[in-house]
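For the sequence shown, our numbering assigns the number 2 to the initial residue and increments by one for each residue that follows. The block underneath contains the structure these notes are about, expressed in structure tokens.
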Amino acid sequence: MMLAGAAGAEEKELIVTDRPDFVESSDVVGKGRFQAETGVAIERTRRDTRRTRAIYTPVLLRMGTGAAWELRIETDGRVVQHTDDLIQGTRTTDRGYADTSVGAKWHVMDESGTNPSVGILAHVDLDSGSAAFRGNGLRPSLRVVAEWDLPAGLSLGVMPGLTFDKDQNGERSWNGIFAAVLGKSLSEQTRVFVEIALPQIARSRHGGTVATLDVGMAYLLSPTWQIDTALYKGLNKNTADLTWTVGLSSKF
């Protein structure tokens, strides 16, 4: 949701990205506009005698089909994952591509008074990736984003949601999603944020809850180009210990 809530007709043309934080923006890119959000993410995890390191290349493509609608294609892209057995001194490496998600976003309303800017996102994750990184079947999800501009250059975003997942045993389950982000504008070009994100709220037999504490920043190179970076700290054993990302986004 970085750089969300811009006011005025000129500011409406500013790039508003859905990265690097987990909370999406409530805004759409605009009719006839195209936006590409790309990056590299490095993830590190250690569990007992096993250490895992992975590199992802996330991509989000957003295509404006109307004043309040956009189509979306998203993937974690190319993945290289190294797993080290610290006792045996061996390493295994998996390479391939992550699943792709397709969906749409609807900008329901602009912020007005105490009412937030609201967006709704509907996605379906496709089991389209390489065998090592492929999910199980189609996994639809629905998320609602609410954003408020606050005094002193602050902004608040919350995003609850649901996903209909399928585990490795073929069992279906409704899992929750929730995140809240507090942003701060340091200048016209620079914003920082802190965030609590729960991309998956599930029972242990369905993979358990995934939770992170995130910090990051975004910088406008121009009205339509942005660079960003963020650090995500895992808060439990179901979550990667540490993930760092850097990204470049553009609007056409």
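Backbone N, C-alpha and C fix where the C-beta goes; we use that ideal spot for every residue, glycine too.
Bridge partner(s) assigned by DSSP for residue i
i	result
N116	S113
T50	Note: T50 sits in no beta bridge, so no partner.
V145	I121
F134	None; F134 has no bridge partner.
G248	G40 and D229
G235	T213
V193	K185 and M218
Q201	V211
N176	T164
S223	W226
V159	A147 and A181
D126	S102 and R140
L243	R45 and K234
Local Cβ density within 10 Å of residue i, reported as buried at 16 or more and exposed below that
i	result
E71	buried
M3	Here M3 scores only 49 on pLDDT, less than 50, and its place in the model should not be relied on; the value that follows carries that caveat. By the 10 Å Cβ count, M3 comes out buried.
P117	buried
P21	buried
K252	buried
L151	exposed
Q201	buried
E172	exposed
V28	Note that residue 28 corresponds to Asp in the displayed sequence, not to Val. That one is buried.
L222	exposed
N170	exposed
I43	exposed
P224	exposed
A180	buried
G120	buried
D128	exposed
E189	exposed
T50	exposed
G184	buried
CB-CB length for residue i against residue j, believed under 8 Å
i	j	result
T164	S131	In fact, because the Cβ distance is near 22 Å, the residues do not count as touching under 8 Å.
G158	V146	6 Å
D19	R52	That pair is no contact at about 31 Å.
A123	A99	That pair is no contact at about 20 Å.
V24	M160	5 Å
G67	V30	Not really, about 11 Å apart at Cβ, beyond 8 Å.
V232	G217	The sequence shown places Leu at residue 232, not Val. Indeed they touch by this definition, with Cβ atoms about 7 Å apart.
Q82	A55	4 Å
H207	N239	At roughly 11 Å, the Cβ-Cβ gap does not stay under 8 Å, so H207 and N239 are not in contact.
Backbone CA spacing between residue i and residue j [nearest angstrom]
i	j	result
D229	L187	14 Å
D77	R92	23 Å
V125	V103	6 Å
V80	G114	44 Å
G97	A133	7 Å
A5	S26	Unreliable placement is indicated for A5, whose pLDDT of 43 sits below 50; the coordinate value is still reported in the next sentence. Answer to the nearest angstrom: the Cα atoms are 6 Å apart.
A219	R192	5 Å
V41	N237	23 Å
T255	A241	In the structure displayed, the chain extends from 2 to 253; residue 255 sits before or after that span and is not available.
I74	T39	12 Å
R47	E14	43 Å
A10	R34	Summary for A10: the model assigns pLDDT 40, below 50, so the residue's position carries little reliability; its value from the coordinates is reported in the next sentence. A10 and R34: Cα-Cα distance of roughly 16 Å.
R45	T210	18 Å
Along the chain, which unbroken stretches of the alpha helix (DSSP H) at least 4 residues long are found entirely within the stretch 36-111? none
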